[in-house]
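Top line first, the protein sequences correspond to chains R and C.
Quick note on the working numbering: the first sequence kicks off at 1 and runs consecutively.
Quick note on the working numbering: the second sequence kicks off at 1001 and runs consecutively.
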Amino acid sequence: EAGVTQFPSHSVIEKGQTVTLRCDPISGHDNLYWYRRVMGKEIKFLLHFVKESKQDESGMPNNRFLAERTGGTYSTLKVQPAELEDSGVYFCASSRGPGIYEQYFGPGTRLTVT
Amino acid sequence: KQEVTQIPAALSVPEGENLVLNCSFTDSAIYNLQWFRQDPGKGLTSLLLIQSSQREQTSGRLNASLDKSSGRSTLYIAASQPGDSATYLCAVPTGTASKLTFGTGTRLQVTL
C-alpha cells in the first residue's frame, strides 16, 4: 500500500508569487488533513477534508490560502500571494476516519519564500 | 483549548541507556494519542498509537503509556541506539474534526 505522497518536496519562491502544493492520500482514505510547521514552532493544523468537503478549516491563517480536493482524491493547497511568514514545512496526512483512526503523514513540502 | 507539552526539549544519552520521554495534555477528552519521530529534513513516522481505552502500547523497544485522567503519556525507549536519534513528537486529536494538536517535541541524541 502506497503511503501519503506530497509534491514538490521543496519549493523556493519570491514574495508575491503563487505556489501550489499537492497531496495524494492513501487510497481509500476519505479524511485528509493539512498541517504546517513554521521555524521553531510546533506543527499546527490547517484544515480537514472528508472526501471533497471541508470539514474544518479553522486553522487556515488567512484568505491567501486556498485548499481544494476535487473528486475527493488528491488535494491541493495554493498560497497566493506568498508572504515571508508562509515559509515552513507543509504536511499532509490521511486517515480512514476521524477520531480513533490513525493519521498517516506524508514527507512534507518545504516552502521557502524569499 | 488543548495544549500539549513535551519535556525535556532536548536529551543526549549514551548508547545502551533506557530513557523516558514525557508528554502532557490539558484536555483529557481525547480519542487516542500518537507518538511520532521526525528525522532532520524528513516527514513524520508514526511510532505508536495508543487508544484512550488502553493504558499501554508496545512496538519493539518502544513502549508508550497513557494516563488520561492525569493528562500524561510517556514513551519509553529501551537500550537506545544511535539510530534512535531524532525528534520525538506526541499528538492528540481534538474536537469533532479530530485535528491533531502537537507538542513541540523532544530532540534526542544517542551518542556512541
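Idealized CB from N, CA, C, for every residue including glycine.
If you're wondering where the values come from, they're calculated on a predicted model, not measured in any experiment.
If you look at Q1034/C, you'll find it in the beta strand (DSSP E) that goes N1032 to Q1038. Contacts with chain C at 8 Å (Cβ-Cβ) do not include H29/R.
Restricting attention to P8/R, H29/R and G28/R, the CA atom closest to the CA of T20/R is found in P8/R. DSSP, read as helix, strand or coil, puts T1026/C in coil. Taking 8 Å as the CB threshold, E68/R stays off the interface with chain C. By the criterion of at least three beta-carbon pairs nearer than 8 Å, the region 24 to 32 of chain R is in contact with the region 91 to 105 of chain R. The straight-line gap separating the alpha-carbon atoms of L1066/C and T114/R is approximately 43 Å. Taking 7 Å as the upper bound on Cβ-Cβ separation, chain R lies near no residue of the region 1072 to 1087 of chain C. Look at G1060/C: its C-beta is not under 8 Å from any C-beta on chain R. The count of Cβ pairs closer than 8 Å, one atom from the region 1021 to 1039 of chain C and one from the region 1071 to 1083 of chain C, reaches three, so the stretches are in contact. About 6 Å separates the beta carbons of E102/R and S1046/C, which is inside the 8 Å limit, making them a contact pair. For G88/R, the three-state secondary structure derived from DSSP is strand. When Cβ pairs closer than 8 Å are counted between the two stretches, the region 1011 to 1022 of chain C is seen to touch the region 1075 to 1084 of chain C, the count reaching three or more. DSSP, read as helix, strand or coil, puts D30/R in coil. Listed along chain R are E42, each with a C-beta nearer than 8 Å to that of G1103/C.
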